Amino acid sequence: MAHLSEGTLRRMVDDPDALTGSDRRHYADCADCQTRYAGMAEDARAAATMLAAPELRLDVASALKQVQAAPAARPRFGFTLPILRPASRPMFAGLAAAVVVLALVATAFVNILPLFQPKTVQPVPVTVADIQALSALSDYGTMTWSQQPQPQVVLSAADAQSIAGFKAPVASYVPAGVSSTITYAAMPKAVAVFTFDAAKAAAAAASTGKSLPPLPKGVDGAKLTVTVGPAIIEVYGNLNGGTTTSSQDINVPELVIAESAAPVVTSTQVTAKQLEDYILSIPGLSKDLTAALKAIGDPTSTLIIPVPIQYATSTTVTVQGVHGVAVGDNTGLGSGVIWIKGNVFVVAGPLKQSEVVKVADGLKS
Amino acid sequence: MKSRDEAFEALFKSEYARVAGIANRVLADPHEAEDVAQEVFINFHGLHSASAQFAPAWLHRAAAHTALNRLRGKRRREKRELAQAPQEASRTVDPQRMLEVGEDRRMVRAALARLAPKPAAVLVLRASGLSYAEVAQALGVGTGQIGTLLRRAEAALRKEVTRGTSL
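Protein sequences, first through last, are from chains A and B. The first sequence maps to residues 29 to 393 in my numbering. The second sequence maps to residues 14 to 180 in my numbering.
So this is what it looks like as structure tokens:
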């Protein structure tokens with residue numbers, strides 16, 4: 029019989045009963061294993077002595093009060109995603125722009141698209157004024173979550189899979205210089221319901237002194253149900269950087285890969301046409317955005333990617349054989365690509381666009 | 014069903030001592046250990062639901078890594094300060110201190126800071142009383158790997174401490 033493994037012998041130091049019958053018989057007759065065991069037991073005792081620590085006297089109740097009184101951890105874009113150190117912000121404006129784009133996508137789902145199940149992606153140019161104009165839509169009703177988004181940082185791809193219900197995508201190509209450390213985050217399905225409310229809309233318009241176009245007939249009380257996720261996000265990079273002394277101070281991710289079930293929007297009594305017409309009548313929307321929205325052939329199956337034109341440019345690319353949108357900043361310091369192939373995929377990072385597309389093409393889901 | 018705050022309070026009460034203990038095992042400094050423990054809980058509260066199944070494993074791992082990061086940061090600062098003021102340092106080192114318990118602890122922590130993150134975390138988690146299964150969960154590895162990881166980490170620590178004393 030082969031000698032006992034070092035793992036087995038080490039475990040025996042902590043738990044002599046952990047040995048199986050055959051291991052026990054081997055050990056009893058094997059001088060070599062007994063010598064190795066003695067060396068390991070000695071190292072274990074030495075380590076325990078060396079790692080002795082001064083006594084802790086804890087006041088759990090007052091510690092709890094301190095934690096409850098502490099300001100909440102900084103918002104992390106819903107997930108544990110990049111918080112850029114102030115000094116590195118200018119260098120990663122591109123990545124920030126990509127992140128903004130992704131954040132806006134969610135806004136677009138909620139505010140614009142009824143009866144919506146996207147199968148392809150389409151960039152539209154937006155300005156800050158557009159975003160402000162569109163955000164007025166939220167005054168037209170009430171948004172509630174029937175299933176709150178609960179993003180969680182998990183320990184492994186397997187944990188992420190158990191939350192999201194699909195396998196975490198695996199990158200077969202990762203650019204040189206990108207860390208092999210991956211942090212996984214996963215989110216189960218989240219469902220939001222937006223209920224149009226004519227009275228609330230009128231009150232909101234009156235309080236701001238703006239005149240917003242009236243809600244189309246029959247829309248009062250209509251409900252839009254928006255389902256997003258489940259989703260998995262993989263962040264490459266040592267987020268708790270080696271030089272940091274605080275877990276609040278984390279490094280810029282080197283690569284972000286995300287996969288999410290395509291969002292679905294259903295409506296009780298609003299049609300796509302009614303909402304599209306209404307949105308296009310909102311004052312303050314730029315001509316570019318209005319034209320781009322009008323040009324979209326079928327708004328119910330197209331995921332709109334708002335591209336902030338002051339900060340980023342977009343190009344259409346082919347990824348994994350389907351049509352995708354690549355967003356890059358004007359400095360070339362960061363880029364991202366988004367495409368739909370069953371699920372919605374995003375790859376982004378402070379990398380060249382060609383590298384990001386190569387990662388996207390090599391992704392196995 | 015428990016509210017979010019009630020669930021967090023229950024998690025805090027059941028895990029705070031252990032999280033602070035892990036940090037103390039790394040830092041050998043009760044005051045700083047509590048600071049780390051509170052930081053870990055604040056971060057957890059901002060990110061996750063206290064009723065998440067992975068909560069204890071997350072807290073244990075975060076405690077080990079946050080404390081180890083602090084330890085490494087502290088070591089780097091000490092080295093930098095010594096390099097910047099070698100003469101001053103040689104004047105202020107008291108040979109008697111080498112005999113003190115505090116100095117032994119300092120040397121062991123310096124060796125711990127030089128270990129790779131995984132072996133260092135295995136050592137402190139196990140030394141803090143976590144079972145093999147709990148250590149495995151915290152580190153996202155199979156329970157069967159813990160014996161081997163622990164054995165190698167202990168040997169590596171001993172070697173580093175010996176190397177440190179012969180420097």
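For each residue, glycine too, the CB sits at the ideal point set by N, CA and C. Treat the numbers as computed from the prediction; the structure is a model and nothing was measured.
Counting only runs of 3 or more residues that sit fully inside the stretch 164-196 of chain A, the beta strand (DSSP E) segments are 169-175 and 180-182, in chain order.
In this chain, the beta strand (DSSP E) harbouring residue 224/A covers 218-224. DSSP places residue 175/B within a helical segment (H, G or I) once states are collapsed to three. Counting C-beta pairs with one atom in each stretch, the stretch 130-143 of chain B and the stretch 161-174 of chain B have three or more that are closer than 8 Å, which means they touch.
Interface annotation for the stretch 36-47 of chain A against chain B: 36, 38 and 39, criterion Cβ-Cβ distance under 7 Å. Residue contact with chain A for residue 33/B: present (Cβ-Cβ distance below 9 Å to some residue of chain A). Around residue 156/B, the same chain offers 145, 146 and 149 as residues with beta carbons nearer than 7 Å, after the five sequence neighbours per side are excluded.
In the DSSP assignment, residue 65/A falls within the unbroken alpha helix (DSSP H) covering 59-78. Taking CB atoms only, residue 60/A has no neighbour in chain B less than 9 Å away. By the 16-neighbour rule on beta-carbons within 10 angstroms, residue 367/A is buried. Membership of residue 376/A in the beta strand (DSSP E) is indicated by the continuous run 371-377. A direct Cα-Cα distance of roughly 9 Å separates residue 346/A from residue 385/A. The beta carbon of residue 62/B falls within 9 Å of a beta carbon belonging to chain A, placing the residue at that interface. Secondary structure note for residue 149/B: it is in no beta strand (DSSP E), and the uninterrupted alpha helix (DSSP H) holding it is 145-152. Against residue 180/A, the close residues of chain B are 61 and 65, in the order they occur along the chain (beta-carbon pairs closer than 7 Å). Under the 9 Å criterion on CB atoms, residue 26/B is classed as interfacial with respect to chain A.
Taking a Cβ-Cβ cut-off of 7 Å, the neighbours of residue 174/B in chain A comprise 78, given in sequence order. For the stretch 246-259 of chain A, the beta-carbon criterion of a distance under 7 Å to any beta-carbon of chain B is satisfied by none of its residues. The C-beta distance from residue 265/A to residue 209/A rounds to 6 Å, short enough to meet the 8 Å contact threshold. When C-alpha distances from residue 69/A are compared across 37/A, 196/A and 229/A, the shortest belongs to 37/A. Chain order gives the chain B residues near residue 68/A as 164, where near means a beta carbon separation below 7 Å. Each of 21/B, 137/B and 31/B was checked against the Cα of residue 96/A, and the nearest Cα belongs to 21/B. With a 10 Å radius around the Cβ and a threshold of 16 neighbouring Cβ atoms, residue 215/A comes out buried. Against chain B, the beta carbon of residue 284/A has no neighbour under 7 Å; the closest one sits roughly 17 Å away.
The beta carbon of residue 43/B sits closer than 9 Å to some beta carbon of chain A. The beta-carbon of residue 168/B is placed less than 9 Å from the nearest beta-carbon of chain A.
Closest by C-alpha distance to residue 229/A, out of 257/A, 197/A and 169/A, is 169/A. Non-local beta-carbon contacts of residue 196/A in its own chain, meaning distances under 7 Å to residues more than five positions away in sequence, involve 185, 188, 189, 212, 260 and 262 in chain order. Residue-level contact by beta carbon fails for residue 262/A and chain B, as no gap is shorter than 9 Å. Per DSSP, the beta bridge partners of residue 342/A are 355/A. Taking a C-beta cut-off of 8 Å against chain B, the contacting residues of the stretch 81-94 of chain A are 81, 82, 83, 84, 85, 86, 88, 91, 92 and 94, listed in chain order. A check of alpha carbon separations from residue 380/A across 364/A, 61/A and 71/A identifies 364/A as the nearest.
Where residue 211/A is concerned, the enclosing beta strand (DSSP E) starts and stops at 210-215.
One alpha carbon belongs to residue 294/A, the other to residue 221/A, and they sit about 10 Å apart. In this structure, 393/A is the residue among 382/A, 92/A and 393/A with its C-alpha nearest to the C-alpha of residue 372/A. At a cut-off of 9 Å, the C-beta of residue 34/A has a neighbouring C-beta in chain B.
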